[in-house]
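See below for the structure under consideration.
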Amino acid sequence: MNKETKTVSQSRVFKSSHVLPPDTNNHGTLFGGKLMAYIDDVAALCARKHSRCNAVTASTDSIDFIKPIKVDDEVCLEAFVTWTHKTSMEIFVRVLAENLFTGERIVCATSFLTFVAIGDDGQPTEVPKVMPTNEVERYLHETAPERAENRKKRRINSKALIEKIGSSLLWDDDYNEAEKK
Ligand SMILES: CC(C)(COP(=O)(O)OP(=O)(O)OC[C@H]1O[C@@H](n2cnc3c(N)ncnc32)[C@H](O)[C@@H]1OP(=O)(O)O)[C@@H](O)C(=O)NCCC(=O)NCCS
Numbered sequence: 006m007n008k009e010t011k012t013v014s015q016s017r018v019f020k021s022s023h024v025l026p027p028d029t030n031n032h033g034t035l036f037g038g039k040l041m042a043y044i045d046d047v048a049a050l051c052a053r054k055h056s057r058c059n060a061v062t063a064s065t066d067s068i069d070f071i072k073p074i075k076v077d078d079e080v081c082l083e084a085f086v087t088w089t090h091k092t093s094m095e096i097f098v099r100v101l102a103e104n105l106f107t108g109e110r111i112v113c114a115t116s117f118l119t120f121v122a123i124g125d126d127g128q129p130t131e132v133p134k135v136m137p138t139n140e141v142e143r144y145l146h147e148t149a150p151e152r153a154e155n156r157k158k159r160r161i162n163s164k165a166l167i168e169k170i171g172s173s174l175l176w177d178d179d180y181n182e183a184e185k186k
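For the sequence shown, position 66 matches number 71 in our numbering, and the numbering has no gaps at all.
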């Protein structure tokens with residue numbers, strides 16, 4: 006089934022939070038794990054709005070923590086779909102911190118994630134194509150196939166690694182079998 010093409014803005018998501026002590030570490034900066042959860046959350050909302058389906062995180066290329074986010078700053082995340090294939094969507098997340106006294110704003114992290122739309126049968130289902138409408142969106146759209154190709158290679162390598170290391174744990178009789186392989 007062919008689905009109607011959507012613009013990037015139709016599913017763009019913003020999320021803002023005040024950084025308070027329970028979410029910070031002993032350096033007075035936002036926990037990395039908390040930021041990772043925020044990133045996954047905005048990206049998931051974006052994927053669901055674009056596909057209007059359930060969607061699961063298939064992979065995160067990387068999260069680059071470029072600058073720390075300090076307590077009492079505002080943390081703002083922007084997520085948008087940069088590219089789609091058949092059932093998958095690449096989502097870009099930009100994380101900014103704003104000093105609430107001075108208004109100074111810096112980019113603290115960026116991330117590319119891939120989500121897969123899941124149909125009522127629990128299987129991956131086709132998603133609408135996405136149409137970029139400005140220079141940044143076009144740049145990210147045009148460079149996406151190369152990132153997707155790298156992801157495909159990484160997936161093959163991950164499967165090979167899983168095959169090699171297996172699933173047995175220390176207390177299983179066959180734990181040392183993996184070493185013999
Ligand atoms: C993601 C998932 C649904 C893919 O299912 P699958 O049966 O392997 O499906 P396929 O191999 O047919 O791939 C379907 C799509 O997913 C993409 N995909 C699968 N694994 C991927 C990965 N690691 N990175 C990027 N894309 C991936 C494929 O490229 C394909 O995209 P396309 O249809 O646009 O070409 C499945 O691996 C899964 O359920 N993973 C766990 C997801 C999860 O629990 N996430 C955390 C909580 S939301």
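Ideal placement from N, C-alpha and C gives every residue a C-beta, glycine not left out.
- Taking 3 residues as the minimum length, the beta strand (DSSP E) runs contained wholly in the segment 61 to 97 are 79 to 89, in order along the chain.
- By the neighbour-count criterion, in which a residue is buried when 16 or more other Cβ atoms sit within 10 angstroms of its Cβ, residue 19 is exposed.
- Cα atoms of residue 54 and residue 124: separation of roughly 14 Å, rounded to the nearest angstrom.
- Around residue 10, the same chain offers 133, 134, 135 and 136 as residues with beta carbons nearer than 8 Å, after the five sequence neighbours per side are excluded.
- Shortest gap from the CB of residue 67 to any heavy atom of ligand 1: 8 Å or more.
- With a beta-carbon spacing of about 7 Å, residue 44 and residue 82 fall inside the 8 Å limit used to define contacts.
- Residue 176 counts as exposed, since fewer than 16 other C-beta atoms from the protein chains shown sit within 10 angstroms of its C-beta.
- Judged by DSSP secondary structure, residue 20 falls within the beta strand (DSSP E) whose first and last residues are 18 to 23.
- Under the three-state reduction of DSSP, residue 162 is assigned to helix.
- Under DSSP, residue 116 forms a beta bridge with 68 and 98.
- According to the DSSP assignment, residue 54 belongs to the alpha helix (DSSP H) that extends over 37 to 56.
- Contact check for residue 25 against residue 77 passes: the beta carbons are separated by less than 9 Å.
- Between residue 142 and the set 95, 56, 46 and 61, the nearest pair of CA atoms involves 95.
- Rounded to whole angstroms, the separation of the alpha carbons of residue 116 and residue 69 is 7 Å.
- Sequence-distant partners of residue 63 (beyond 5 residues in either direction) whose C-beta falls short of 7 Å from its own C-beta, in its chain, are 93, 119, 120 and 121.
- Around the C-beta of residue 42, fewer than 16 other C-beta atoms lie within 10 Å, and the residue is accordingly described as exposed.
- Excluding its 5 nearest sequence neighbours in each direction, residue 165 has no C-beta neighbour in its own chain below 7 Å.
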